[in-house]
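The structure appears below as structure tokens.
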Amino acid sequence: DVKVTQSSRYLVKRTGEKVFLECVQDMDHENMFWYRQDPGLGLRLIYFSYDVKMKEKGDIPEGYSVSREKKERFSLILESASTNQTSMYLCASSLLGQGSTQYFGPGTRLTVL
Amino acid sequence: GEDVEQSLFLSVREGDSSVINCTYTDSSSTYLYWYKQEPGAGLQLLTYIFSNMDMKQDQRLTVLLNKKDKHLSLRIADTQTGDSAIYFCAESNGSQGNLIFGKGTKLSVKP
């Protein structure tokens, strides 16, 4: 079974803090994705990566950065957390190529106070 | 641009059939997906259909694809309270494997 894990289920941070969200997959997938999910807005793609050290901006990259130093790990970084980044963050991975199924982690609910 | 639309809410009685509808815009999508999200959890792949198929059945789930109208539906037979969740429709987009998701349909099943 594909397994995608995220470092925390719940996280509470203060405005201005630097926040790291970690995602690890064990299926040797080339693609990894970070989404945020907000009520009424569905899933919005923040960044994705199709290879080590490669990254592409998604629909809402502002205020975020990412790091992919190893194939199995994709980190989302909030350089200076703000209250409007309070959200559910979902990581996913897939094989390279159109139509590849994305497998999701359980999500991290981040609250920024 | 690409867009995936679905209604936000659906309420049914236990034992009835549920039909969740989705429209998409990218006619070149190769695969279309249905994901299920239970409260507080990530998304779980429910089923998918290849674009050259009209229908796919998997136990209580039936997926219908009308490629001409760019319309996808998910039918759940004999809906149970455990089917209460948010259901996301998604289309594949681009050669690298991005998916475009709808906003999700919240299915409520009343006993």
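Same order as they appear, the protein sequences are chains A and B.
Numbering-wise (the numbering used here), the first sequence opens with residue 19 and increments by one.
Numbering-wise (the numbering used here), the second sequence opens with residue 6 and increments by one.
Each residue gets a CB set at the ideal place from its N, CA and C atoms; glycine is no exception.
Source: prediction; values computed, not measured.
Endpoints, the beta strand (DSSP E) within which residue i is located
i          : result
Gln-43(A)  : 37-43
Gln-11(B)  : 9-11
Lys-89(A)  : Segment: none, Lys-89(A) is in no beta strand (DSSP E) and carries neither H nor E.
Val-130(A) : 126-130
Thr-67(B)  : 66-71
Val-30(A)  : 28-31
Leu-114(A) : Here Leu-114(A) belongs to no beta strand (DSSP E), and DSSP marks it neither H nor E.
Ile-78(A)  : Per DSSP, Ile-78(A) belongs to no beta strand (DSSP E) and is neither H nor E.
Gln-103(A) : Here Gln-103(A) belongs to no beta strand (DSSP E), and DSSP marks it neither H nor E.
Asp-74(B)  : From DSSP, Asp-74(B) is part of no beta strand (DSSP E); its letter is neither H nor E.
Gly-109(B) : No beta strand (DSSP E) holds Gly-109(B); DSSP gives it neither H nor E.
Pairwise C-alpha distance: residue j and residue i
i          : j          : result
Gln-103(A) : Leu-50(B)  : 26 angstroms
Asp-46(A)  : Glu-90(A)  : 6 angstroms
Val-22(A)  : Lys-75(B)  : 31 angstroms
Leu-113(A) : Glu-48(A)  : 5 angstroms
Tyr-65(A)  : Tyr-53(A)  : 7 angstroms
Ile-95(A)  : Ser-85(A)  : 8 angstroms
Ser-97(B)  : Arg-18(B)  : 32 angstroms
Thr-126(A) : Met-50(A)  : 16 angstroms
Ser-98(A)  : Thr-30(B)  : 36 angstroms
Thr-119(A) : Gly-34(A)  : 36 angstroms
Thr-84(B)  : Met-72(A)  : 43 angstroms
Pro-116(B) : Glu-74(A)  : 45 angstroms
Asp-63(B)  : Pro-124(A) : 24 angstroms
Ser-113(B) : Val-24(B)  : 12 angstroms
Cys-27(B)  : Ser-56(B)  : 14 angstroms
Gly-115(A) : Gly-20(B)  : 39 angstroms
Ser-25(A)  : Leu-39(A)  : 7 angstroms
Residue j beta carbon less than 8 angstroms from that of residue i
i          : j          : result
Ser-111(A) : Gln-55(A)  : no
Lys-36(A)  : Leu-128(A) : no
Val-9(B)   : Ala-95(B)  : yes
Ala-82(B)  : Ser-12(B)  : no
Phe-106(B) : Gly-60(A)  : yes
Beta-carbon separation (whole angstroms), residue i vs residue j, contact threshold 8 angstroms
i          : j         : result
Leu-70(B)  : Asp-59(B) : 6 angstroms
Tyr-119(B) : Lys-61(B) : One cannot answer for residue 119(B) here, as it falls past the ends of chain B, which runs 6 to 116.
From the options, residue whose alpha carbon lies closest to that of residue i
i          : options                                          : result
Ser-33(B)  : Lys-111(B), Lys-73(B) and Val-114(B)             : Lys-73(B)
Leu-66(B)  : Glu-19(B), Leu-79(B) and Ile-54(B)               : Leu-79(B)
Pro-79(A)  : Leu-39(A), Phe-92(A) and Arg-62(A)               : Arg-62(A)
Val-70(A)  : Gln-120(A), Phe-92(A) and Asp-77(A)              : Phe-92(A)
Ser-100(A) : Ser-67(A), Tyr-82(A) and Glu-87(A)               : Tyr-82(A)
Gly-45(B)  : Tyr-121(A), Gly-115(A), Val-130(A) and Tyr-28(A) : Tyr-28(A)
Glu-87(A)  : Phe-122(A), Tyr-68(A), Ser-105(A) and Pro-124(A) : Tyr-68(A)
Ser-16(B)  : Asn-103(B), Gly-107(B), Phe-106(B) and Thr-86(B) : Thr-86(B)
Tyr-53(B)  : Asp-63(B), Gln-64(B) and Tyr-38(B)               : Tyr-38(B)
Cys-109(A) : Lys-108(B), Gly-47(B), Gly-20(B) and Thr-28(B)   : Gly-47(B)
Cys-41(A)  : Pro-57(A), Gly-76(A) and Tyr-107(A)              : Tyr-107(A)
Gly-58(A)  : Val-24(B), Lys-108(B) and Leu-112(B)             : Lys-108(B)
Val-130(A) : Gly-115(A), Phe-122(A) and Ser-105(A)            : Ser-105(A)
Thr-35(B)  : Lys-111(B), Gly-102(B) and Gly-20(B)             : Gly-102(B)
Asp-77(A)  : Leu-104(B), Val-68(B) and Thr-110(B)             : Leu-104(B)
Min CB distance residue i to chain E below 8 angstroms
i         : result
Tyr-53(B) : Here the protein chains are A and B, and chain E is not one of them.
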